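Residue numbers (our numbering): 371 to 743.
Just below is one structure, and these are the notes that go with it.
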Amino acid sequence: MRRFTTASLALTIAATGVLAGGALALAQDGADLKIGLVTDVGTIDDRNFNQYSWEGAVAGAEAVGAAAPQYAISQQSVDIGPNIQAFVDQDYDIIVTVGFAAGADTILAAKNNPEISFIGVDQAPCITEEGLPDDSFACAGDPATLLPNLQGLNWREQQPGYLAGIVAADASETGHIAAIGGTAVIPAVVNYIEGYANGAKSFNPDVVVTVTYVSGAPDAAAFNDPAGGQAIAQQLLAQDPEIDVMFQVAGKTGNGVLQAACDAGIWAIGVDVDQFLSTPETAACTLTSAEKKLSNSVKSAIERVAAGDDQGGTLFLDISTDDVGISPFHDHEGVVSDEALAAVAAATAGMIDGSVVPCEAQEGTGFCVQTLP
C-alpha cells in the first residue's frame, strides 16, 4: 500500500487496481471495480455515518469481488472536493461520499465525470436545469435524468421513528415523552420526530409528546454541540419533570441529550445508528435507536452498480428492504413489554404492505406533515 498526497491531504489508495471497462447502466466485472470513499468531516472510526458507510463499502466490495476499497479523510468541509478529485484522477470507478456537506461537490464531480458512479450518502441532489448544484433550492433539474451516475441515498426516517415511538410510549411510566431535534428545516429531522409522535400515539393515544428544536438552521449548534444539547435537555426536564423518555435527532448535539437523560435516570432513544454500541458512555440508558442501516444501504448501492441496475436521483430507502428499523434492545430487553413487541412487529408489517402510514407527506416536499410545534 502506498500513500498519495493531493491538495495537502493524505489519501490512501490500493497498490493494485484495474480500470473497469464497462459503461454505466451496464453490468460490470466486479473484480475490475476500484471503490473509494470520501468521509464527512471527522474520522473513519467515528462510530457514526463515516464508519458505517465505510463498513458498507468494504462489504459491497467483497460482495462484488472487487479489491478492498480505500478512503480519504476530510478534516474540514473544504477538503471534500479535493478528496473526490483525487479518486477521479486515479481512475476510480465508484466514489462514495458521506454526508449532506458533500452534496454540492458530489454533484459537480458526477456532472464532470459521467463515466464514474457516485453514491451520495444522506444526499438528495438538488440541481438546476443545467445539472449544477442549486443554492436557491428551487431544484428545477431532474437528477435522475441529468445525473444518472449519482445515487443519492436517503431514508424514510418516519418509519424507524414510528417504531421508536411505540417503544417510548410503552417504556414511559408517566405518559410524558419528548424529542429534541437539531433543526426543523431538514426533512429527515422532522420526519423522524413526526413518525415518533405518531407511533407513540398509536400505542397510547393519551401520551404527551413534547418536541423542541435546537436551532433554526443546520449549523454547529444543531448538530455538533453536545454540551448545548445537554443543556437544552436539562431545561426541558426542568419545565416538565414528568418526561421519562427522550428521543434525540440532533447528531453530536443529541449525544448531550443522551447524557442528560442518563443523568436524570430516564430512558433515551438514539438516532441514525445503534447508539447503545456507538455511544457506550450512555448505553446504560439508551433503550434503542431509530436506525438507518447505513452499511446495508451502501453495500446494496455498490451491488447495483456492479449489476448495472443503478439509477440516478434521490433514492428513498425504507423498511421493506431492511434499510431502516430500530436497534436491538441489548441489555434492556426486559424493559419492553410483549404488547409493545407485538405492536412493533405489526407496524413493521403494516409499513411494508402499506396499511400503516407513519406520517402523511407534504406534496412536493420531502417533509412529513408537521403536526407538532
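Beta carbons: idealized from backbone N, C-alpha and C, even for Gly.
Only a predicted model underlies this, so the values are computations on that prediction, with no experimental measurement involved.
So, is D492 buried or exposed, given that buried needs 16 or more other C-beta atoms within 10 angstroms? buried
Reduced DSSP secondary structure (H/G/I, E/B, other) of D576: If DSSP states are grouped into helix, strand and coil, D576 belongs with coil.
Taking the CB atoms as reference points, tell me whether I489 and Q521 lie closer together than 7 angstroms. yes
Specify the secondary structure class of C496 as computed by DSSP and reduced to three states. DSSP, read as helix, strand or coil, puts C496 in coil.
So, with DSSP's three-state summary, where would you put G391? Reliability of the predicted coordinates at G391 is poor, the pLDDT of 31 falling under 50, and no value is obtained from them.
Count the other CB atoms within 10 Å of the CB of Q681; is the residue buried (16 or more) or exposed (fewer)? exposed
Since V694 and E661 are thought to touch, with beta carbons under 8 angstroms apart, how far apart are those beta carbons, to the nearest angstrom? 7 angstroms
May I have a chain-ordered list of the alpha helix (DSSP H) segments no shorter than 4 residues that lie completely inside the stretch 584-632? Entirely contained in the stretch 584-632, the alpha helix (DSSP H) runs reaching 4 residues are, in chain order, 590-593, 596-609.
Name the DSSP beta bridge partners of I465, please? G406, F488
Specify, as a first and last residue, the run of the beta strand (DSSP E) that I547 falls within. 546-553
Do A436 and I405 have their beta-carbon atoms positioned less than 7 angstroms apart in this structure? Yes, they are a contact pair.
Compare the Cα-Cα distances from Q604 to each of M616, N594, F593 and report the closest residue. M616
Rounded separation between Q460 and D505 - CA only: 29 angstroms
Nearest-angstrom Cα distance between G750 and F593? Nothing can be reported for residue 750: it is not among the residues displayed for the chain, which extend from 371 to 743.
Specify the secondary structure class of Q440 as computed by DSSP and reduced to three states. strand
Would you kindly work out how many angstroms separate the C-alpha atoms of I477 and C655, rounded to a whole number? Taking the straight line from one Cα to the other gives about 40 angstroms.
Using alpha carbons as the reference points, say which of N574, A731, V668, S690 lies closest to A713. N574
CB of A548 within 7 angstroms of CB of T580, strictly: yes
Quick one, are the C-beta atoms of G412 and V668 less than 7 angstroms apart? no
Could you compute how far the alpha carbon of A608 sits from the alpha carbon of P439? 48 angstroms
Where T413 sits in the DSSP three-state scheme: coil
Quick check: the Cα distance between A601 and H546, rounded to an integer number of angstroms? 19 angstroms
Have a look at L685, V675, T718 and flag the residue whose alpha-carbon is nearest the alpha-carbon of A401. V675
Exposed or buried, what is P611 when buried is set at 16 or more other beta-carbons lying within 10 Å of its beta-carbon? exposed
Which of the three DSSP states, helix, strand or coil, is assigned to L517? coil
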